[in-house]
Amino acid sequence: MSTVAATWDEIRSLHQARPRSLLLRGTMLFFGLAVVAVWLSGEIEVGDLFTERRRRNLMRFLTIEAVPFPMREEGAATLPVFWIWVSGIWADRGAAATLSTLWLALAAIVLAAGFGTLISPLAARTLATPQPYLLEDRKRRGPWMLVSGGSRLVCASMRAMPEYVLAFFLVNLLPFTAWPAVLALALHNGGILGRLYGDTIENLDPQPLRAWSMLGGQRAALASLAAIPSAVPRYLLYFFYRFETCVREATVLGMLGVASLGSEVVEVQASHFYDELILLIAFGVGIVLLGDLASHLARGWIRRAG
Amino acid sequence: MSPIFQLKGAAVEYDGRLALGPVDLSIEAGEAVTIVGPSGSGKTTLLRLLNGTLRPTRGEVLAMGRPMSERTASELRALRAHIGFVHQDHALVPILRAGQNVIAGCLGQRGFWSSARAILWPQRVDLERAHSLLERVGIGEKLFQRTDTLSGGQQQRVAIARALFQDPQALLADEPVASVDPARGRALLELMTDLAIERDLTLVASLHDLSLARALFPRLIGLRAGQVEIDDAPDNIAEATFQDLYSLEGLRGGEVG
């Protein structure tokens with residue numbers, strides 16, 4: 001056997017003996033089985049999407065109903081006509097609805113982030129120990145296990161409550177106000193941010209925090225002066241990610257009667273004004289994109305701030 | 001002189017495996033000592049025993065004449081507030097400014113609110129002290145620079161200034177020059193030994209670079225597999241002894257590579 005062939009045989013035997021990821025294979029198997037199970041359930045028919053009736057509905061929607069009303073006449077499909085239509089709806093109802101959606105989402109996310117920031121040091125198992133970052137001994141965590149476990153349980157319970165159901169319940173307690181939507185969003189997102197912020201602190205580089213602990217720094221100092229400031233860039237990332245969700249959900253919760261883009265959407269949908277409906281949804285998308293831009297600028301500013 | 005640190009039969013086990021000891025050792029106040037040895041020989045473990053962040057599995061460690069085991073958690077915290085520690089990877093909070101990281105040296109000596117105020121809204125007296133310490137380590141102009149914008153060598157100088165802000169009786173350093181180039185490493189170590197003399201500090205530094213250890217420290221402790229193999233002035237130690245210290249033969253993992 002030549003040397004080249006012997007080397008190739010060695011490479012092949014190394015390839016055969018390579019470590020295999022059970023997780024990856026398990027995940028692929030799970031998704032494969034999930035697709036087969038959905039297919040076999042008979043509940044979802046791909047053919048439903050492509051019937052003649054569906055095609056006609058889609059064509060009518062795209063060529064008539066989705067076209068702005070003033071542009072449907074022959075020769076009226078011009079930019080000035082479109083712009084007058086957009087600005088009219090914006091002034092009439094869009095601006096007020098968009099702004100109330102924005103304030104709702106902002107109030108909710110600020111409350112959620114405040115809660116998440118406060119609970120994160122307690123939920124972080126690296127800080128919730130008798131001597132944070134020193135003398136690592138799992139057996140000695142004692143009551144601190146209850147603190148971190150309890151904080152995580154509170155967060156899990158909060159995020160387990162769907163916003164819509166929570167708002168539906170709160171509408172009866174606080175009718176004719178924005179609070180049902182604000183509180184429902186704040187509670188759900190507070191649970192999510194509490195967990196994410198806690199995990200962020202756990203994943204921080206332990207060396208600076210260990211150094212502060214060695215200096216004799218108290219847990220409160222470690223949390224508020226070192227851990228949370230170091231975690232701010234990632235906190236902001238999660239803040240803006242959940243802000244996007246809050247804007248979308250504030251629109252949905254408007255369908256319960258709270259003044260937002262959602263309540264306007266319900267109204268125009270009832271009148272079958274699909275062109276206005278699309279425009280109102282576009283206003284919602286606009287706020288999300290603005291939030292995304294603000295997130296990008298804020299994180300860039302924090303990175304550069306010196 | 002009286003010993004500032006004493007180890008009496010001190011041993012440390014991790015998961016049943018002996019990492020250090022049993023070791024008998026005495027370090028006098030004001031001494032400058034370097035600890036050398038191959039990776040995994042127990043250098044960091046020894047330093048952590050000295051500042052009480054690690055308990056010996058067996059034996060006793062005394063700091064400033066008193067056994068660590070007799071100290072409560074708050075007494076250990078008070079002790080650590082007077083022992084500066086310079087880490088291999090600087091261990092600074094990157095988002096804070098250099099001056100804030102230096103002032104963090106006060107954490108063990110002040111309460112939470114006082115420390116928070118000193119770090120977030122430093123008073124003139126703290127700022128002047130932080131500035132003079134940064135000046136002493138050669139980077140006074142970096143007082144208000146964000147720490148993560150500084151080079152590795154500058155960050156290590158900030159870490160030394162932070163340790164000095166504690167007004168410590170001893171300075172422990174764990175591979176303090178491992179992350180800087182040899183020229184800067186030598187300059188940093190010279191700075192540390194000068195500061196130790198200037199402030200009458202006990203200096204205990206673990207090092208990988210044997211030539212620096214031999215050139216700059218009057219006492220050298222050689223660890224191998226958790227045991228003290230050498231404890232003498234560098235001039236008295238034969239070359240063959242150093243070669244034995246770093247020989248892979250008989251070491252865990254020595255057969256690999």
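Here the protein sequences line up with chains S and C, keeping their order.
In terms of our numbering, the first sequence opens at residue 1 and continues consecutively.
In terms of our numbering, the second sequence opens at residue 1 and continues consecutively.
Ideal placement from N, C-alpha and C gives every residue a C-beta, glycine not left out.
- Between aspartate 174 (chain C) and histidine 87 (chain C) a beta carbon distance of about 6 Å is seen, short of the 8 Å cut, so the two are scored as contacting.
- Contact between valine 182 (chain S) and alanine 108 (chain S) holds, since their C-beta atoms are separated by about 5 Å, short of 8 Å.
- Per DSSP, leucine 127 (chain S) is not a residue of any beta strand (DSSP E), being assigned neither H nor E.
- Isoleucine 64 (chain S) sits exposed, since fewer than 16 C-beta atoms from the chains shown fall within 10 Å of its C-beta.
- Within 10 angstroms of the beta-carbon of valine 247 (chain S) lie 16 or more other beta-carbons, which makes it buried.
- Runs of alpha helix (DSSP H) with 4 or more residues, each lying fully within the segment 58-139 of chain C, are found at 73-80, 98-103, 112-120, 124-136, listed in chain order.
- At a cut-off of 9 Å, the C-beta of glutamine 207 (chain S) has a neighbouring C-beta in chain C.
- Here leucine 297 (chain S) is not near leucine 280 (chain S), since their CB atoms are 9 Å or more apart.
- Phenylalanine 112 (chain C) belongs to the set of residues whose beta carbon lies under 9 Å from a beta carbon in chain S.
- Just measuring C-alpha positions, the residue of C:Leu203, C:Ile95, C:Ala104 sitting nearest leucine 150 (chain C) is C:Ile95.
- From the beta-carbon of aspartate 89 (chain C), the residues of chain S found nearer than 8 Å are Gln207.
- Not a single C-beta of chain C is nearer than 9 Å to the C-beta of proline 121 (chain S).
- Membership of aspartate 148 (chain C) in any beta strand (DSSP E) is not indicated, and neither H nor E is assigned to it by DSSP.
- One finds Asp205, Pro208, Ser230 in chain S with Cβ atoms closer than 9 Å to the Cβ of proline 94 (chain C), taken in chain order.
- Contact annotation: valine 177 (chain C) and leucine 164 (chain C) have beta-carbon atoms that are not nearer than 9 Å.
- Here valine 46 (chain S) is exposed: its Cβ has fewer than 16 other Cβ atoms, across all protein chains shown, within 10 Å.
- Chain-order list of chain C residues neighbouring methionine 214 (chain S): Asn51, Thr53, Arg80, Phe85, by C-beta distance under 7 Å.
- The shortest C-alpha to C-alpha distance from leucine 166 (chain S) to any of S:Leu256, S:Gly75, S:Phe243 is the one to S:Leu256.
- With the criterion set as a beta carbon lying under 8 Å from some beta carbon of chain C, the members of the segment 123-134 of chain S are Pro130, Gln131, Leu134, in sequence order.
- Glutamine 218 (chain S) has a beta carbon lying within less than 9 Å of a beta carbon in chain C.
- Taking a contact to require three or more Cβ pairs closer than 8 Å, the segment 227-234 of chain S and the segment 197-215 of chain S qualify as touching.
- Along the segment 53-78 of chain C, going in chain order, the ones with a CB nearer than 8 Å to a CB of chain S are Thr53, Leu54, Arg55, Ala73, Arg77, Ala78.
- Relative to phenylalanine 85 (chain C), the option among C:Leu203, C:Val23, C:Val12 whose CA is nearest is C:Leu203.
- A Cβ-Cβ contact shorter than 9 Å links leucine 222 (chain S) with leucine 127 (chain S).
- Phenylalanine 5 (chain C) is bridged by DSSP to C:Ile27, C:Ala63.
- The C-beta distance from alanine 161 (chain C) to valine 125 (chain C) rounds to 16 Å, too long to meet the 8 Å contact threshold.
- Closest by C-alpha distance to tyrosine 238 (chain S), out of S:Ala226, S:Arg54, S:Gly194, is S:Gly194.
- In this model, phenylalanine 69 (chain S) and asparagine 172 (chain S) are separated by some 38 Å (Cα to Cα).
- Within the segment 48-103 of chain S, the complete alpha helix (DSSP H) segments at least 4 residues long are 52-60, 79-89, listed from N- to C-terminus.
- By the C-beta density criterion, arginine 159 (chain S) is buried, having at least 16 other C-beta atoms within 10 angstroms.
- Secondary-structure assignment with DSSP links aspartate 244 (chain C) through no beta bridge to anything.
- Alanine 226 (chain S) has a beta carbon lying within less than 9 Å of a beta carbon in chain C.
- When the alpha-carbon of valine 158 (chain C) is set against those of C:Arg110, C:Ala170, C:Met192, the nearest one is in C:Met192.
- Going by DSSP, isoleucine 237 (chain C) is part of no alpha helix (DSSP H) at all; its letter is neither H nor E.
- Ranked by Cα distance from serine 120 (chain S), the first of S:Trp90, S:Arg60, S:Gly190, S:Gly142 is S:Gly190.
- Of all C-beta pairs linking the segment 55-75 of chain C to the segment 228-240 of chain C, fewer than three are shorter than 8 Å, placing the two stretches out of contact.
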